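A short write-up of the structure that comes next.
Residue numbers (the working numbering), protein chains in the order written: chain F, 1 to 515; chain Z, 1 to 515.
Below, the structure is given as structure tokens:
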């Protein structure tokens, strides 16, 4: 067999079941090997941002690392933005990037590029395979790296001749190394701080969506009287009826300053220090009071589970009551003129139990969030890296990971345009995804930010850069072009009917909300 | 004034007139400064690959460096693929990449990324501005770098606080340093080789499209009896009636081996050593015979103009006759069943004098090329870096650079999907671009390459990765969604009518050719 065959066998033997692909010529032997193994599900995306975003969503909803198949340097470049979001989400992703045969790299072939450089700009782990018999062990190590430290970006660069030359045997990825843990002394110190009045425990990772770990965090903070918080951008969190109550951080630094005001200490468990999305003139970068004690107990890449249990051992666990969970509170179906807030109420009212909501509504999400908390219990996936173009690809991966669950994407019209090609993959794979596009005809978030910068009277150049008008986009046609059924709505009656219909059927739908 | 204002003033004072933009929050002060200067034309692209591809096309057709406005690391990532094509085209591009305020980078903000790393993976020149008073001189140096060495990728990373803090004065970009030249001895040696029977002079750069330089190359080779050749992938070359005759290299290594067979020497002037697009098992990386003498006389980044004149001084110049130029030979309008070859004949028959043809037809281009040589004189722009998704953005830039000329894009349906958002910019700016999409429902080039690798019976995974069917794309709806008028044709009568109509009117059109 050749190197490519050992690669595919290694991936399969190590538990990889899905390959999101946008292949090019240099990957032809890998493609041929994949073709010999129909047990690997190959999912074509028509743009590499769809590949990486899907791998991210797949990991978030399955906990499993998918492989990506990317074409050397520029193809990887196209995947970069959603690898960025995946990295910030701590999603494990295994990129297989083809490259020229190594002996060909001395010449200036058109597609020769800096594969290592661009990989290292985003990957935790990068390696160029240097011999055909190294393909299998390198792939095994790459997969191990992708699974390590709560999820990493690992990129194996595969020169074409490593794929086509003879190799001997597949390998199996070893389990990732044990996660680092804080010391007993650090746990004790954090526990002491959490017992003081006004303390906050901020948690991220699995505790936000696995009932057991989330309840543990709640029991601990209830026992010691601390507040339990979560970051604003989380890879996945449980929301709606039945969810453990976490206080969620906000987007704006001012709102977070208010939320953290007077905190005696801020203990971080599985999350980085909160910081402003951007810095602004005259505003601080970090939201906590200067005299709040910051305790970085457990990093994002450490053993969050063990740390919460260790805290419980010191602080004890209180019994939870109904007040610790979000109570059912479905909004009524709103009628009349359309507003984003009302759309949120309608979505909450109509969305089934256990849906997956991919949130890239950007400026719209601010108005949707209050209602979404009143919906039936669901998982919410947010744009962890802030790089727009995340929503549609992430929904592809989420729907593939959990075909039994309804996926709803809240999408901006500006953000959706970066990776609209994912609509086609939804159609191709028959994914049960309902996309709601909030068509405010521009980059509303930039309009808001401009005001924050103090510009009052925007002129022609700002209008030309912030407003997506002349012409407006026609999302119904865009969806149809990709093979996805779509409808445009302009009032609540229209939205309610379209969304109810989408919830009642399987398969991809798009609703363009003119707002 | 602030740093952003000095930046815009520096660009304007130094001759930059267009800014292709996809801004984000970190660029807000730059945006505000652009708004105060309506004399800078800001062109919004809804995806960053549209930005970089447009800057490439703009340079190819104007010789002028445009600025791009890109959002920190992931936004630059989206621009990467077409920066790759631009780099291989030697297009000068000045990227302004925003970043967080420098003091904010110590925190893990969602959008924090490796701006320097990703820039260095593609740019010839990268700098992070470290003080507000450095914005103007850094921008001037960046622009100088973009104009140096026959065109480079220069990236200035602008932390937000450098843009918003006070600065003093604008600057003006100094002229680029003089281009390197070969020594007189090197010219003499090359001239001696060119006098021998079977010698080839291979030229790239401006000689391929400026009549004066192209004719000089022809007169020199005619005087010494050498063949005059050009690379297959050229940033821009003159084609059709009246063009100086160059022998063009081919795509496949076998064809290039045949073309170069028996050459005594291969003298390179403004072009890199020819190499296969990819390496293949058992085939060579380079096409020339082992005993052909390779003479790298003048690199791509050196003084091609001077070198050709120096050769002329040694070798003399022959008078040119009609046989040295492509004779008018318009094909007849073909009828009946549609084939790609016939579409090429119809395009050649109907296209006006002095059009600009952006060629990303990929597998279709092979069948189009013979007819395109028979068209009225036009400029052809090819996908120099081989990274698909180049055509539509490049056409945007070309049309902006030369609004008086008709731009025709030959586009694959696979390749067009990477950057289809550029259709919207064509509509927004009213660009005179006719896009012909060859809808063969898949990645035909990969089907061809698979056969080259020896795979006969493709199975399900290959079909799922190479065929864009189930569903097929509907390019008429995709175009309509972006605001571009479109029609689908299935026979030559339909194509002839649609293309003739597009040639007779101004503004963006799309023709989906089902083939």
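Here a beta-carbon is modelled for each residue, glycine too, at the ideal position from N, C-alpha and C.
Keep in mind it's a predicted model, so treat the numbers as computed, not measured.
Annotation for residue 503(F): the continuous alpha helix (DSSP H) segment containing it runs 492 to 504. Residue 68(Z) carries a strand assignment under DSSP once its states are collapsed to helix, strand and coil. Rounded to the nearest whole angstrom, the C-alpha separation of residue 244(F) and residue 439(F) is 33 Å. DSSP assignment within the stretch 92 to 169 of chain F yields the following whole alpha helix (DSSP H) runs of 4 residues or more, N-terminal first: 115 to 120, 135 to 147 and 160 to 164. For the C-beta of residue 461(Z), the chain F residues within less than 8 Å are, from N- to C-terminus, 31, 34, 35, 37, 38, 40 and 42.
Within the DSSP secondary-structure output, residue 21(F) pairs in a beta bridge with 44(F) and 69(F). Around the beta carbon of residue 261(Z), fewer than 16 other beta carbons lie within 10 angstroms, which makes this residue exposed. Annotation: residue 476(F) to residue 486(F) spans about 5 Å, alpha carbon to alpha carbon. The C-alpha of residue 242(Z) is placed about 30 Å away from the C-alpha of residue 387(Z). Under the DSSP assignment, residue 343(F) falls in the alpha helix (DSSP H) whose first and last residues are 340 to 350. Taking CB atoms only, residue 6(F) has no neighbour in chain Z less than 8 Å away. For the options 190(Z), 167(Z) and 155(Z), the alpha carbon positioned closest to that of residue 68(Z) is the one of 155(Z).
Taking 8 Å as the CB threshold, residue 285(Z) lines the interface with chain F. Residue 353(F) counts as exposed, since fewer than 16 other C-beta atoms from the protein chains shown sit within 10 angstroms of its C-beta. Below the 9 Å Cβ cutoff, chain Z contributes no neighbours of residue 356(F), its closest Cβ being approximately 21 Å away.
Of the residues assessed, residue 103(Z) falls on the exposed side of the cut-off, its CB having fewer than 16 other CB atoms within 10 angstroms.
Under a 10 Å Cβ-count criterion, residue 276(Z) is classified as buried, with 16 or more other Cβ atoms of the shown protein chains found around its own Cβ. Of all alpha-carbon atoms in 264(F), 445(F), 449(F) and 398(F), the one lying nearest the alpha-carbon of residue 433(F) is that of 398(F).
Assigned with DSSP and collapsed to three states, residue 207(Z) falls in helix.
Look at the beta carbons and you see the stretch 215 to 232 of chain Z touching the stretch 318 to 325 of chain Z: at least three pairs across the two are nearer than 8 Å. Residue 378(F) is bridged by DSSP to 239(F). Remark: three or more beta-carbon pairs, one from each stretch, lie closer than 8 Å, so the stretch 459 to 475 of chain Z and the stretch 42 to 50 of chain F are flagged as touching. Annotated as proximal: residue 272(F) and residue 300(F), with beta-carbon spacing under 8 Å.
Along the stretch 261 to 332 of chain F, the alpha helix (DSSP H) occurs as fully enclosed runs of 4 or more residues at 304 to 315, listed in sequence order. Below the 8 Å Cβ cutoff, chain Z contributes 23, 24, 25, 28 and 31 as neighbours of residue 446(F), in chain order. Between the alpha carbons of residue 423(F) and residue 265(F) lies a distance of about 45 Å. If you ignore the 5 residues before and after residue 195(Z), its C-beta comes within less than 6 Å of the C-beta of 224, all in its own chain and listed in chain order.
Distances from the alpha-carbon of residue 47(Z) to those of 130(Z), 80(Z) and 62(Z) put 80(Z) closest. A residue is called buried when at least 16 other Cβ atoms come within 10 angstroms of its Cβ; residue 183(Z) does not meet this threshold and is exposed. The Cβ neighbour count for residue 505(Z), taken over all protein chains shown within 10 Å, is under 16; the residue is labelled exposed. Taking every protein chain shown into account, the CB of residue 212(Z) has fewer than 16 other CB atoms within 10 angstroms, so this residue is exposed. Per DSSP, reduced to three states, the secondary structure at residue 449(Z) is helical. Looking at the DSSP output, residue 510(F) sits in a beta bridge with 435(F) and 486(F). Of the residues assessed, residue 204(Z) falls on the buried side of the cut-off, its CB having 16 or more other CB atoms within 10 angstroms. In the three-state reduction of the DSSP assignment, residue 255(F) falls in the helix class, which pools H, G and I. Residues of the stretch 109 to 128 of chain Z that bring their beta carbon within less than 9 Å of a beta carbon in chain F comprise 109, 110, 111, 112, 113, 114, 115, 116, 117, 118, 119, 120, 121 and 122, in sequence order.
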